[in-house]
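J.: Supplied in structure tokens, the structure appears directly below.
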Amino acid sequence: MAVLPILTYPDPRLKQESEPVSEIDDALRAFVRDLEETMHAGPGGVGIAAPQVGRLLRVAIVDCSRSRKPVSNHGRMVLINPEITRWEGVAVGREGCLSVPDYTGNVIRAEAVRVEALNEHGEPVAYDCEGFEARAVQHELDHLDGLLFLDRLVSRRHDLFRRKVHKKPGER
Ligand code: NI
Numbered sequence: 005m006a007v008l009p010i011l012t013y014p015d016p017r018l019k020q021e022s023e024p025v026s027e028i029d030d031a032l033r034a035f036v037r038d039l040e041e042t043m044h045a046g047p048g049g050v051g052i053a054a055p056q057v058g059r060l061l062r063v064a065i066v067d068c069s070r071s072r073k074p075v076s077n078h079g080r081m082v083l084i085n086p087e088i089t090r091w092e093g094v095a096v097g098r099e100g101c102l103s104v105p106d107y108t109g110n111v112i113r114a115e116a117v118r119v120e121a122l123n124e125h126g127e128p129v130a131y132d133c134e135g136f137e138a139r140a141v142q143h144e145l146d147h148l149d150g151l152l153f154l155d156r157l158v159s160r161r162h163d164l165f166r167r168k169v170h171k172k173p174g175e176r
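In our numbering, the protein residues as written are 5 to 176.
And the structure:
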């Protein structure tokens, strides 16, 4: 396993659309393990997407079980070729991103979503997510379409915040 280097804004690879995964094999599973280790090594790592480490593949991981605040969650979700198939409600919330280490921002998202995907064994999975977990899923899936939370701000002037304190790696 390996912690992979994270691309940060404005790396142009973060703006690209990722390709669907065509084969779920041992090489992909090894990549998912590295991606997960990379997520856990980062500050506040509740999610990560393959393009953040320079692999333009439709793979994301969300795990809100270690979130600082207790939130409703499904634990570890490996999402390969994910699609959101249901949206409900609207909520504004603060987001951060491993690829935008110096800022957080207020972003409007659906309050609840259903995400359908394949897991790393090629099995279809579906999760009904709400609140913080739903936000994390929408944020990670945006990465697969080359979108950062910065692209979702209504106003950079009012909704973008510089982080006051840098958390050390591994701190949550
Ligand atoms: Ni992100």
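Glycine is no exception: its CB is placed at the ideal position from the N, C-alpha and C atoms.
Bear in mind the structure is a predicted one, so any value in this text is a computation, not a measurement.
Return yes when at least one heavy atom of ligand 1 lies under 7 Å from the C-beta of C101, else no.
T.: True, at least one ligand heavy atom lies under 7 Å from that Cβ.
J.: Please specify which runs of the beta strand (DSSP E), each continuous and at least 3 residues long, are wholly inside the stretch 91-168, giving them in chain order.
T.: As far as the stretch 91-168 is concerned, its whole beta strand (DSSP E) runs of at least 3 residues are 95-101, 104-113, 116-122, 128-134, 164-166.
J.: When you compare only the Cα positions, how much space is there between P128 and V119?
T.: Near 11 Å, if we compare the C-alpha coordinates of V119 and P128.
J.: In whole angstroms, what separates the C-alpha of R62 from that of K168?
T.: If I take the Cα positions, the gap works out to 33 Å.
J.: Check for me: the beta strand (DSSP E) holding D67 runs from which residue to which?
T.: Run containing D67: 63-67, per the beta strand (DSSP E) assignment.
J.: Could you compute how far the alpha carbon of F165 sits from the alpha carbon of G109?
T.: Roughly 6 Å separates the two Cα atoms.
J.: Can you give me the C-alpha to C-alpha distance between R17 and C133, rounded to a whole angstrom?
T.: Taking the straight line from one Cα to the other gives about 28 Å.
J.: Could you check if H125 belongs to the surroundings of ligand 1, using beta carbon to heavy atom distance under 7 Å?
T.: It does not: the Cβ of H125 is nowhere closer than 7 Å to a heavy atom of ligand 1.
J.: Taking the beta carbon of T42 as the centre, do at least 16 other beta carbons fall within 10 Å, making it buried, or is it exposed?
T.: The residue in question, T42, is buried, as its Cβ has 16 or more Cβ neighbours within 10 Å.
J.: Taking DSSP's pairing of strands, which residues face R80 in a bridge?
T.: Answer is D67, bridged to R80.
J.: Could you check whether the stretch 18-32 touches the stretch 65-77, counting it as contact only if at least three pairs of C-beta atoms, one from each stretch, sit closer than 8 Å?
T.: With a cut-off of 8 Å, the stretch 65-77 and the stretch 18-32 do not count as touching, because too few Cβ pairs lie within range.
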